[in-house]
Amino acid sequence: MVAREKLNQLKEKFGGAVQRADMPCNERLFVFVEASALKAVCQYLFRDLDARYVISIGMDDRPFSGKFMVAHDFAFDQDHLLCSVLTHLPADNPKVDSISDVVPAANWAEREIRDLVGIEPVGHRYLKRLVLPDGWPDGVHPLRKDFAWNQVPEGYDDTREFKFDEPPEGCTVVPFGPFHPTLDEPAHFRLYIEGEMVRGCEYRGFMVHRGIEKLAESVLTYNEIPMMAERICGICGCVHNVAYAQAVESAAAIKPPPRAEYIRTIMLEIERLHSHLLWVGLACHIVGFDTLFMQSWRIREPLMWIAEKISGNRKTYALCVIGGVRWDITAEVKGELRKVLDKLESEWTPVVAAVSKDKNIQKRTRGIGVADRALVKNAGLVGPVARSAGVNMDCRRDHPYAAYDRLDFDVITENGCDVWSRVLVRAKEVFESIKIIRQCLEKMEDGPLQLTIKDELPVGRIGLSSVEAPRGESHHFVITGENNRPRRWRVRAPTYQNLQAIPAMIKDQQLADMTISLGSIDPCFSCTDRMETIDLKSGATKVWTQEELLKLTRTKKT
Amino acid sequence: MSVLSKLKETLVCLKAGRVTLPYPAQAQPVPEKFRGRPLFDAAKCTGCGGCANNCPAREILLFDLCQEIRILQYLGRRCAYCGRCADVCPEKAITMSHEFETGTNSIGDIQQRVELFMSTCQRCGRCFKEPSALEQLKLKGYRVDDVAHERWVFRSKSYLDTEPVVDDIKIEMD
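As given, the protein sequences belong to chains H and G, one line each in that order. So the first sequence is numbered by our numbering: it starts at 124 and just counts up by one. So the second sequence is numbered by our numbering: it starts at 18 and just counts up by one.
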């Protein structure tokens, strides 16, 4: 019992400060601690027990317990344990000790809690607004339960401007984004340049908030959220879809039938294959090697077709409902999928053989965007970025979900810590994914696709789920609630952590390497910026342009 | 310069040849299970409201003119083509068509409106058999969505307090 062991360690160290603990299974541990001991507990978990920081969650629990809540999630990857440290805070003027000086990776999460829930992280060194738009009035927190999902706050000030930090002395400011040819989504980096060298940067993002979490907590119902969850991200949508369903299932102690688990695994791996091929292509495109960009996208195309055949769509598979999946993989599709995999393998092998010896790509990617083990630990980096630094970490093996506990595969790691290693990791993971799907097709049992859920789900239970997205770990935190919907649902996409390390990764590099360094984490800003509760259109010219654009896109092209 | 790698890469390209499809000049068939624009069959629909209650995008509105007439309106604006409406429909009155080139400047091309004659039932008048406990009707009884402003209203009534005159609201006739 690893969970019990960790709990005993905590009890021994902190005694009465540990108020309550839940261990619904051997892989989950929920510890409620006194607010005054929260920081010390997190420090002990992160530094002494060497847990990996996952995310912090702020909650408005006033309608239920009369208090605010803060949770810090940690993962013990070797011990297959996900752990959440929770604390209750008073209803008026809630404050919590900031953990960001002992756990640097919590920087953004605490700023987000302050913005959206209004819990003040005391001792945080950089409390700049992160998530809310610039004109949003102070003291209004959209994720509080007394703030309606469709409310427009009074005092929204369109004219209020974002205040940038002062650049260091001797540096020139070069703006990068919000619209940049290598960024497919808006994000703004204010680079501090000295000559050709980047000395630092300020990030300003969260421009594509969509208010998805708020909608889920106030409007949607359990089985509607998966369709919304997969729209968090255009590339790894199925990951969020599955992660949400699993988080609710884990909270409500529901186990989907085995066939559904295999189908989830297959679809996740198809998604990983398409994403890896897409990213390798994009990375090459960024460094100006368009040949491989086109070839890897060509090789990827049959995967999109088979996904369309299985689920009815190239992307947004709309796969999961609570307790199962919606689409079956028939014998006919099985045969076709095998053929697609064979072709993919035979085409990808020569590409990897050629590219791994290509000096031109290596010149642009070796020693660039370096994230070493220390940075991985401190910034909580995940996925290929961590694996390229030699950190042997993969949620599929460490926190097995769906059918991964019944499958045999290797976790690919490299030791270069740079962009080149990330290219290698992702190029080689393609073969592991092919291996996984083949095993699934072999082992898949007959049976129902969905579990019949006869009763409403229990209320107030916590569920955690970590799913290995192509870019890294996606973590979902759910508290089940009344009215057929969760009370709180927090999504931590991999980019949320990886993006925070960008300033460290581009420091003291050439300006020209900025694009590929950023590209190497495969940033997905829509994932990161999950929420926006307001959409205020600016000047009339802009609206006109938008309409014109719409008209253009709607014109039939034939 | 790694000449061998470049040669190998050239070979990959040559072997692939030209693969671009002549779309949109030539239509591409979609697979059987493709989820395109949902189509509502008025002849099969019983007006149970299951689709409207389980639409993640809230794109299906219900409006009860009176006990006997229910209007179901599909807005087609931000529909995600997830196919949940077709899933939960007990009468299989909704099919996910193969239409996907639905870009238009007039939203009326996509919207659908079904006017249903409802027979009187002693319970709630609308019979929806949910697939699981998670899909059950949260809004029972009479629905009064804001059809004029195309807004879902989070309320339903157990009875219609004033009997509206049919002329109150314009009913489109074919």
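By construction, the Cβ of each residue, glycine as well, lies at the ideal position given by its N, Cα and C atoms.
Would you kindly report the start and end of the unbroken beta strand (DSSP E) that includes residue i?
i, result
"Q142 (chain H)", "141-145"
"C30 (chain G)", "Note, C30 (chain G): premise wrong, no beta strand (DSSP E); alpha helix (DSSP H) at 20-33."
"P290 (chain H)", "That residue, P290 (chain H), is in no beta strand (DSSP E); it is neither H nor E in DSSP."
"L209 (chain H)", "204-212"
"V614 (chain H)", "611-615"
"M192 (chain H)", "190-199"
"T414 (chain H)", "Counting along the chain, T414 (chain H) falls outside any beta strand (DSSP E), though it belongs to the alpha helix (DSSP H) covering 413-434."
Apart from the five residues on each side of it in sequence, which residues of its chain come closer than 8 Å, Cβ to Cβ, to residue i?
i, result
"K134 (chain H)", "V141"
"V444 (chain H)", "N346, P349, A368, Q573"
"L172 (chain H)", "K129, Q132, F199"
"G93 (chain G)", "R54, E76, T119, I124, I127, Q128, Q129"
"V182 (chain G)", "Because the pLDDT of V182 (chain G) is 46, which lies under 50, any placement of that residue in the model is unreliable, and the number read from its coordinates should be weighed accordingly. Closer than 8 Å at the Cβ level, and outside the excluded window around V182 (chain G), lies no residue."
"P380 (chain H)", "G447, G570, P571, L572, Q573, L574"
"E459 (chain H)", "I429, K432"
Excluding the 5 residues preceding and the 5 following residue i in the sequence, name in chain order all residues of the same chain whose CB lies nearer than 7 Å to its CB.
i, result
"T681 (chain H)", "Because T681 (chain H) sits at a pLDDT of 38, beneath the cut-off of 50, its placement in the model cannot be relied upon, and the point is left open."
"Y496 (chain H)", "One point to set straight first is that residue 496 (chain H) is Arg, not Tyr, in the sequence displayed. Correct list, in chain order: A512, G513, V514."
"D658 (chain H)", "At D658 (chain H) the pLDDT is 42, less than 50, meaning the model places this residue with poor confidence; the figure from the coordinates comes in the next sentence. Around D658 (chain H): no qualifying Cβ."
"T656 (chain H)", "Model confidence at T656 (chain H) stands at a pLDDT of 37, short of 50, so the residue's coordinates are unreliable and nothing is read from them."
"D605 (chain H)", "Just to set this straight, residue 605 (chain H) is Glu in the shown sequence, not Asp. Hits under 7 Å: V582."
"S556 (chain H)", "E392, R395, L396"
"T638 (chain H)", "T305, I409"
"F532 (chain H)", "E555, K558, I559"
"P301 (chain H)", "P309, A310, H311, M330"
"W543 (chain H)", "Q485, T488, R489"
"Q620 (chain H)", "A228, A502, G503, L504, V505"
Would you say residue i and residue j are within 8 Å of each other, going by their C-beta atoms?
i, j, result
"R382 (chain H)", "P571 (chain H)", "yes"
"A526 (chain H)", "Y385 (chain H)", "yes"
"E596 (chain H)", "V505 (chain H)", "yes"
"L250 (chain H)", "R234 (chain H)", "yes"
"R594 (chain H)", "P617 (chain H)", "yes"
"C407 (chain H)", "L401 (chain H)", "no"
"G64 (chain G)", "M135 (chain G)", "yes"
"W92 (chain H)", "I433 (chain H)", "As displayed, chain H neither begins before 124 nor continues past 681, which places residue 92 (chain H) out of reach and without an answer."
"M320 (chain H)", "Q623 (chain H)", "no"
"F191 (chain H)", "D184 (chain H)", "yes"
"D683 (chain H)", "R252 (chain H)", "Outside the shown range of chain H, which is 124 to 681, sits residue 683 (chain H), and nothing can be said about it."
"L205 (chain H)", "E150 (chain H)", "yes"
"R613 (chain H)", "F600 (chain H)", "yes"
"K32 (chain G)", "N607 (chain H)", "no"
"V362 (chain H)", "R549 (chain H)", "no"
"T453 (chain H)", "C563 (chain H)", "no"
For residue i, which residues of its own chain have a beta-carbon under 6 Å away from its beta-carbon, when the five flanking residues on both sides are left out?
i, result
"R327 (chain H)", "H311"
"G662 (chain H)", "Here the model assigns G662 (chain H) a pLDDT of 42, short of 50, so the residue's position is not dependable, and the following value carries that caveat. Within the same chain, G662 (chain H) has no close Cβ partners at all."
"M567 (chain H)", "Y385"
"T344 (chain H)", "N607, R608"
Relative to the C-alpha of residue i, which candidate in the options has its C-alpha closest?
i, options, result
"K286 (chain H)", "H:D257, H:I358, H:G278", "H:D257"
"D200 (chain H)", "H:M417, H:K500, H:G586", "H:K500"
"R545 (chain H)", "H:D196, H:R489, H:G458, H:E579", "H:R489"
"R52 (chain G)", "G:A150, G:G158, G:C102, G:L154", "G:C102"
"P260 (chain H)", "H:G278, H:Y167, H:W272, H:M124", "H:G278"
"V193 (chain H)", "H:A214, H:R175, H:A174", "H:A214"
"W471 (chain H)", "H:I452, H:G642, H:Q418", "H:Q418"
"E147 (chain G)", "G:A74, G:E108, G:R160", "G:E108"
"R322 (chain H)", "H:E353, H:H303, H:T344, H:P290", "H:P290"
"D636 (chain H)", "H:K457, H:E292, H:E431, H:G411", "H:G411"
"H211 (chain H)", "H:V493, H:M182, H:E325, H:R584", "H:M182"
"V164 (chain H)", "H:A502, H:P147, H:G139, H:F187", "H:G139"
"E132 (chain G)", "G:L89, G:K50, G:D162, G:P41", "G:L89"
"E565 (chain H)", "H:A366, H:H399, H:R461, H:R175", "H:R461"
"P298 (chain H)", "H:L314, H:R283, H:K630", "H:L314"
Mind checking which residues open and close the alpha helix (DSSP H) that includes residue i?
i, result
"P55 (chain G)", "Note, P55 (chain G): premise wrong, no alpha helix (DSSP H); beta strand (DSSP E) at 55-57."
"V245 (chain H)", "First-last for V245 (chain H): 243-245, but that is the beta strand (DSSP E), not the alpha helix (DSSP H)."
"R127 (chain H)", "125-137"
"L460 (chain H)", "454-478"
"F498 (chain H)", "Checking the sequence, you will find Leu at residue 498 (chain H) rather than Phe. 496-502 is the span of the alpha helix (DSSP H), which, as asked, contains L498 (chain H)."
"K337 (chain H)", "335-341"
When you compare the CB of residue i with every CB in chain B, is at least one pair closer than 8 Å?
i, result
"G435 (chain H)", "Absent from the structure: chain B. Protein chains present are H and G."
Measuring CB atoms only, is the segment 531-549 of chain H touching the segment 325-343 of chain H, in the sense that at least three cross pairs come out at less than 8 Å?
no
Can you find at least 3 beta carbon pairs, one from the segment 242-249 of chain H and one from the segment 199-218 of chain H, that sit closer than 8 Å?
yes
Answer yes if the segment 454-471 of chain H comes into contact with the segment 82-98 of chain G, meaning at least three C-beta pairs across the two stretches below 8 Å, and no otherwise.
no
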